[in-house]
Amino acid sequence: MARAVNFYQTLFFDIDETLYPKNNGVWRAISKKIDLFMVDRLQISEDEAQSLRQQYSRTFGTTLQGLRTFYTIDAEEYLDYVHDIRIEELISPSPELRLILQAIKFKKIIFTNASRAHAERVLMCLDVSDLFDRIIDIQSLNYVNKPLPEAYQCALERSGSPDPSRCMIVDDQIRNLIPAKALGMRTILIGDSRSKFVDHNITTIEELSERIFSPA
Ligand SMILES: [Mg+2]
2 MARAVNFYQT LFFDIDETLY PKNNGVWRAI SKKIDLFMVD RLQISEDEAQ
52 SLRQQYSRTF GTTLQGLRTF YTIDAEEYLD YVHDIRIEEL ISPSPELRLI
102 LQAIKFKKII FTNASRAHAE RVLMCLDVSD LFDRIIDIQS LNYVNKPLPE
152 AYQCALERSG SPDPSRCMIV DDQIRNLIPA KALGMRTILI GDSRSKFVDH
202 NITTIEELSE RIFSPA
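Taking the working numbering, I'd label the letters of the sequence shown as residues 2 to 217.
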């Protein structure tokens, strides 16, 4: 028998390329700033920076984690620098997302590898800041980023330790869903890649619906 829609208690949301569409220019602008940061601090070419960024991101989950592993980097300075983009010109309010979030009656928590300031700016641009219960950002995770399993344990603790089987998570990266699935969470991927770690595929966040929240 299908359980009630309110079976779920907590929904964790990624921010970048999850709450706003891919290819709207935000991630491209942040990537460019990351490259410029590395060009300046590591004294390398922009091509080398780009390739190192991709390599660190693949290996460590974030470029910052790679930089912190091999260099002495002021993480706060890095986060301020790379998120200093003209985000207000790239993200506009989404009344549709607002309605969807308002309809979700369980706890809504931001769980991001980005800084708190960036998360707050994105939410403000989308006009949905008041609809989230909490922001769990990279600083509050002590720089232990997704997809490290400790990040998910920490996120659960900071959210009042709900039963993971009563939690859902939405992210645009399969690798960020794998540890969540291992803990028993229900996983939603923004994107069409199929995987045993993905319970639902949606194209945009606006496709979140009660159908997904009703356990089979
Ligand atoms: Mg993302």
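Glycine residues also receive a C-beta, built at the ideal position from the N, C-alpha and C atoms.
Under DSSP, I136 takes part in a beta bridge, and its partners are I111. Nearest in C-alpha terms to I16, of all of D138, S58, I213, is D138. The DSSP assignment places 150-159, 175-184 as complete runs of the alpha helix (DSSP H) inside the stretch 130-194, in order along the chain (cut-off: 4 residues).
Contact annotation: F14 and Y79 have beta-carbon atoms that are not nearer than 8 Å.
By DSSP's assignment, N202 forms a beta bridge with L190. In the assembly as shown, T60 is an exposed residue. Its beta-carbon has fewer than 16 other beta-carbons within 10 Å. Under the criterion of beta carbons closer than 8 Å, Q10 and R159 do not qualify as touching, at roughly 14 Å. Secondary structure at L12: strand, using DSSP grouped into helix, strand and coil. Contact annotation: D173 and I191 have beta-carbon atoms nearer than 8 Å. Here S32 carries a helix assignment [DSSP, helix/strand/coil].
About 10 Å separates the beta carbons of R54 and I31, which is beyond the 8 Å limit, so they are not a contact pair. Shown here for L124: same chain residues with a beta carbon closer than 6 Å to its own, the five before and five after excluded, namely S130 in chain order. The chain-ordered list of residues whose CB is nearer than 7 Å to some heavy atom of ligand 1 reads D15, I16, D17, E18, T19, D172, D173, Q174. When secondary structure is reduced to three states using DSSP, G67 falls in the helix class. The three-state reading of DSSP puts T60 in helix, counting H, G and I together.
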